[in-house]
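**Q** Protein chains in written order, with my numbering: chain A, 20 to 334; chain B, 20 to 334. Just so it is clear, CB atoms sit at the ideal spot from N, CA and C, and this is done for glycine as well. My structure is below; once you've seen it, I'll send some questions.
Protein chains: 2
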Amino acid sequence: MPGEFDFIRRFLSHFPKARVPVGPGDDCAVLAPQRGALCVTTDAVVEDVHFTRAAFSPADIGHKALAVNLSDLASMGATPRWFVCALALPKGFPLRDLTGLARGMAALAREHRIALVGGNFTSARELSVTITAAGELSRPALTRGGARPGDLLYVSGTLGDARLGLQHLLAGVKRGAAVRRQRRPEPRVALGRLASRFASAALDVSDGLAQDLGHLCTASRVHVTLELERLPVTAAVRSALGAEGALAGGEDYELLMSVPPARSRAFERACARAGQAVTRIGLVSEGSGWVCRDMTGRVLPPPRGFDHFRTPTSN
Amino acid sequence: MPGEFDFIRRFLSHFPKARVPVGPGDDCAVLAPQRGALCVTTDAVVEDVHFTRAAFSPADIGHKALAVNLSDLASMGATPRWFVCALALPKGFPLRDLTGLARGMAALAREHRIALVGGNFTSARELSVTITAAGELSRPALTRGGARPGDLLYVSGTLGDARLGLQHLLAGVKRGAAVRRQRRPEPRVALGRLASRFASAALDVSDGLAQDLGHLCTASRVHVTLELERLPVTAAVRSALGAEGALAGGEDYELLMSVPPARSRAFERACARAGQAVTRIGLVSEGSGWVCRDMTGRVLPPPRGFDHFRTPTSN
């Protein structure tokens, strides 16, 4: 069976090219309604694919469904404004669970001041939540295609925690920081807005750094050398998964950003002032694809990323 | 188990009121990005709820998923512009079916000049297609809340065909005009734009005229008297379902419009010039709720509408 990206490519091939500033293939579509531009993204979470009802509370599910969309808006540098929510509910879905789901979603919506402006309910065999979110841009959108040779590569926060959290949940461990990262990802909205003043490209790390870095290299037509020992991983992740495991892990919802060298010090200072944790993890150069170097300078083979269609997992 | 509208009300109660020209509760949300306004709607079609793969071709499914959204835009008087599509595909979904689905959707998109600007794929147990569509408004949106006492009530096309088509499909009959109405609803986009010059209110008839008329009465705080013998039904529908059956039938995707009496003749002439079939079916007055009168003037009890959550059906 072909992979997710092959599906997307084939599906898109049947449609005329959208005449919009940024169409399919990036984290968001950018529309230009009149003046200024609108960022729109859509993302779904599905029972037994992205969550289980045993391991996630209804509030976790509501939070996560919105968070993954906000993360896409963040990666473009957009300010979240409006969203619509399509819910598919199994017959007999308890009202108290709907309440929990709404509360989890509404809390995150309030935090980011994004307004629910519509939605749809339908019955279905499994629970799923499909959200379409729109944000406004005050600067040109941060796409995946803007990285240039010489740029420095940064990532926010820490990597691999959500993957470790999934392992914990599968093993029946239901508490702890890693489990929280899996259940309640925090979209880097403020950082995305800040980065739009400095960065040449950005995307959110949702499918694992390995795979998302590949997207950056392809879209920007550049090569990246990653320094493995610089990857920001917690001690728990390092001991459980190793740095390579963090590379392959999915659902981090951190931002990966390339910054021109002339702006890198100002970017780092601005992040420090704003309390945004970012780490320089590599260098952009001419070429294609990416490699990973360890402390000794040895080049390592890149691990496979995360792909729902290639890797049947309970995540 | 509570009905769909109770679910929506409860879900919405957890969110702050959206500060947009029209928020949840109408066919579309209206956003005001900068100048001019944007209409946004989201709607899903789910396997074994809105279609079966035995009775619908992949192209039918793709068509219908977009059509139900375009119908919402039509009912506001909006011009379709952009849409995003979230697909949930069962494992092993054949590529040729994805191609068929895309082709059916793309053909309708071309017809209405609406651009696919993004999307999402995920795996799931059952096939579903969730679309969010946006359109532009050149006049104030036609909401459900604008009908006033004295207005005349119109409906487009004919009613009950899609319901009859569903009966045919369940009986193994796979051809004919009624089956086509079930599989390939035609959103009344051009009529919606025309109506925005004359009508005081509009909505699309997706849940059966009985139920959608109730929405109009509630939102506009008016009473409606429907003349049963004026309902536009084909001979096939009249003999199979009767006019009452057409009232309760779902998925017509026709437009229900109220027009002030001073503008009704101009509206009828404009429709005739544009080749848009509309029929005057009733009168708006003060009060609440609606009644149906037969030829003798006798008031009939209103049949129940169509509600996914109250009526488990294969439709």
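1. For chain A, is any of its Cβ atoms less than 8 Å away from the one on Glu145 of chain B?
2. Look at the Cβ atom of Arg200 of chain B, then the Cβ atom of Asp180 of chain B, and state whether they are nearer than 8 Å.
3. Name the chain B residues that come within less than 7 Å of Leu107 of chain A, Cβ to Cβ?
4. Is Val318 of chain B buried or exposed, if buried means 16 or more other CB atoms sit within 10 Å of its CB?
5. Between the alpha carbons of Leu12 of chain A and Val136 of chain B, how many angstroms are there, rounded?
6. Taking buried to mean at least 16 other C-beta atoms within 10 Å of its own C-beta, is Met276 of chain B buried or exposed?
7. Using only the alpha-carbon positions, how far apart do Val59 of chain B and Ala152 of chain B sit?
8. What does the alpha-carbon distance come out to for the pair Lys83 of chain B and Glu273 of chain A?
9. How about Arg282 of chain A: is its Cβ closer than 7 Å to a heavy atom in the ligand SAH?
10. Taking Ser225 of chain B as the query, report the chain A residues whose CB atoms sit under 7 Å from its CB, ordered along the chain.
11. Assuming contact is defined by CB atoms lying nearer than 8 Å, are Phe291 of chain A and Leu210 of chain A in contact in what I supplied?
12. Can you check DSSP and say which residues form a bridge with Ser175 of chain A?
13. Starting from the beta carbon of Val59 of chain B, find every residue of chain A whose beta carbon is closer than 9 Å, and list them in chain order.
14. Measuring alpha carbon to alpha carbon, tell me which of B:Leu178, B:Leu213, B:Asn88 ends up nearest Thr253 of chain B.
15. Whole-angstrom Cβ separation of Ile300 of chain B and Leu245 of chain B, contact assumed at under 8 Å?
16. First and last residue of the alpha helix (DSSP H) that includes Arg129 of chain B?
17. Is the separation between the beta-carbon of Ala63 of chain B and that of Ala107 of chain A shorter than 8 Å?
18. Mind the definition here: the stretch 219-232 of chain B touches the stretch 159-173 of chain B only if three or more C-beta pairs lie below 8 Å; say whether that holds.
19. Look at the alpha carbon of Val81 of chain B and the alpha carbon of Pro280 of chain A, and state the distance between them as a whole number of angstroms.
20. Give the DSSP-derived three-state secondary structure of Gly137 of chain B in the structure shown.
21. Across which residues does DSSP place Asp62 of chain B in a beta bridge pair?
22. DSSP on Pro204 of chain B, reduced to helix/strand/coil?
23. Looking only at C-alpha atoms, which of B:Ala97, B:Asp170, B:Ala128 sits nearest to Ser239 of chain B?
24. Please work out which residues of its chain come closer than 6 Å, Cβ to Cβ, to Val87 of chain A, disregarding the five sequence neighbours upstream and downstream, and give them in chain order.
25. Output yes or no for whether 8 Å exceeds the beta carbon distance between Gly154 of chain B and Arg100 of chain B.
26. Can you give me the start and stop residues for the beta strand (DSSP E) that Leu247 of chain B sits inside?
27. Pull up the distance between the alpha-carbon of Ser157 of chain B and that of Ala255 of chain B, whole angstroms please.
28. Is Val318 of chain A helix, strand or coil when you go by DSSP?
29. So the beta strand (DSSP E) Asp223 of chain A belongs to, where does it begin and stop?
30. So which of B:Glu287, B:Glu270, B:Gly308, B:Ala134 has the shortest CA-CA distance to Asp91 of chain B?
**A** A quick look at the data gives this:
1. Numbered from its first residue, the second sequence carries residue 145 of chain B at position 126. Yes, Glu145 of chain B counts as interfacial toward chain A.
2. Position 181 of the second sequence, counted from the first residue, corresponds to residue 200 of chain B. Position 161 of the second sequence, counted from the first residue, corresponds to residue 180 of chain B. The criterion of a C-beta distance shorter than 8 Å is satisfied by Arg200 of chain B and Asp180 of chain B.
3. Start at 1 with the first residue of the first sequence, and residue 107 of chain A comes out as number 88. The displayed chain sequence assigns Ala, not Leu, to residue 107 of chain A. The answer, in chain order, is Ala63, Val65, Ser147.
4. Working through the second sequence from its first residue, we reach residue 318 of chain B at position 299. Exposed.
5. This structure gives no information on residue 12 of chain A, because the portion of chain A shown stretches from 20 to 334.
6. Here residue 276 of chain B is taken as the residue at index 257 of the second sequence, counted from 1. With a threshold of 16 other beta carbon atoms within 10 Å, Met276 of chain B meets it and is buried.
7. Here residue 59 of chain B corresponds to residue number 40 of the second sequence, with the count starting at 1. Here residue 152 of chain B corresponds to residue number 133 of the second sequence, with the count starting at 1. So the alpha carbons of these two residues sit roughly 6 Å apart.
8. Working through the second sequence from its first residue, we reach residue 83 of chain B at position 64. Working through the first sequence from its first residue, we reach residue 273 of chain A at position 254. Cα to Cα, the separation comes out at about 37 Å.
9. This structure lacks the ligand SAH, and indeed carries no ligand of any kind.
10. Locating residue 225 of chain B in the second sequence gives position 206, where the first residue counts as 1. Under the 7 Å cutoff, chain A gives no residues; its nearest Cβ is about 11 Å from Ser225 of chain B.
11. Counting from one through the first sequence, the residue named residue 291 of chain A turns up at place 272. Counting from one through the first sequence, the residue named residue 210 of chain A turns up at place 191. The question names Phe, yet the displayed sequence has Ala at residue 291 of chain A. No, the Cβ-Cβ distance between Ala291 of chain A and Leu210 of chain A is not below 8 Å.
12. Position 156 of the first sequence, counting from 1, holds the residue named residue 175 of chain A. Bridge partners of Ser175 of chain A: A:Val297.
13. What you label residue 59 of chain B is simply residue 40 of the second sequence in a count that begins at 1. Those within 9 Å of Val59 of chain B in chain A are Val59, Trp101, Val103, Val136, Gly137, Thr151, Ala153.
14. On the second sequence, residue 253 of chain B is found 234 positions in, with the first residue counted as 1. It is B:Leu178.
15. As a working note, residue 300 of chain B is residue 281 in the second sequence. As a working note, residue 245 of chain B is residue 226 in the second sequence. About 6 Å separates the beta carbons of Ile300 of chain B and Leu245 of chain B, which is inside the 8 Å limit, making them a contact pair.
16. By 1-based counting over the second sequence, the position of residue 129 of chain B is 110. For Arg129 of chain B, the enclosing alpha helix (DSSP H) starts and ends at 114-131.
17. On the second sequence, position 44 is the one that residue 63 of chain B refers to. On the first sequence, position 88 is the one that residue 107 of chain A refers to. Yes.
18. Counting Cβ pairs under 8 Å, three or more are found: they touch.
19. Walking along the second sequence from the start, residue 81 of chain B turns up at place 62. Walking along the first sequence from the start, residue 280 of chain A turns up at place 261. The question names Val, yet the displayed sequence has Gly at residue 81 of chain B. Between Gly81 of chain B and Pro280 of chain A, the alpha-carbon positions lie close to 47 Å from each other.
20. The residue given as residue 137 of chain B occupies position 118 in the second sequence. Reduced to three states, the DSSP call for Gly137 of chain B is strand.
21. Taking the first residue of the second sequence as position 1, residue 62 of chain B is located at position 43. Residue pairing of Asp62 of chain B in beta bridges, as defined by DSSP: B:Ile150.
22. The sequence position of residue 204 of chain B within the second sequence is 185, counting from 1. In this structure, Pro204 of chain B counts as coil in the three-state DSSP scheme.
23. Counting from one through the second sequence, the residue named residue 239 of chain B turns up at place 220. Considering only alpha carbons, the answer is B:Asp170.
24. Counted from its first residue, the first sequence places residue 87 of chain A at position 68. Cβ within range, chain order: Asp62.
25. Counting from 1 along the second sequence, the entry for residue 154 of chain B is found at position 135. Counting from 1 along the second sequence, the entry for residue 100 of chain B is found at position 81. The answer is yes: Cβ separation under 8 Å.
26. Along the second sequence, one-based indexing puts residue 247 of chain B at 228. Boundaries for Leu247 of chain B: no beta strand (DSSP E) harbours it, and the DSSP string shows neither H nor E there.
27. Position 138 of the second sequence holds residue 157 of chain B. Position 236 of the second sequence holds residue 255 of chain B. Near 39 Å, if we compare the C-alpha coordinates of Ala255 of chain B and Ser157 of chain B.
28. On the first sequence, residue 318 of chain A is found 299 positions in, with the first residue counted as 1. Residue state, collapsed to three classes: strand.
29. Taking the first sequence and counting its residues from 1, the one referred to as residue 223 of chain A is at position 204. First-last of the beta strand (DSSP E) with Asp223 of chain A: 220-224.
30. Residue mapping note: residue 91 of chain B aligns to position 72 of the second sequence, counting from 1. The shortest C-alpha to C-alpha distance from Asp91 of chain B to any of B:Glu287, B:Glu270, B:Gly308, B:Ala134 is the one to B:Glu270.
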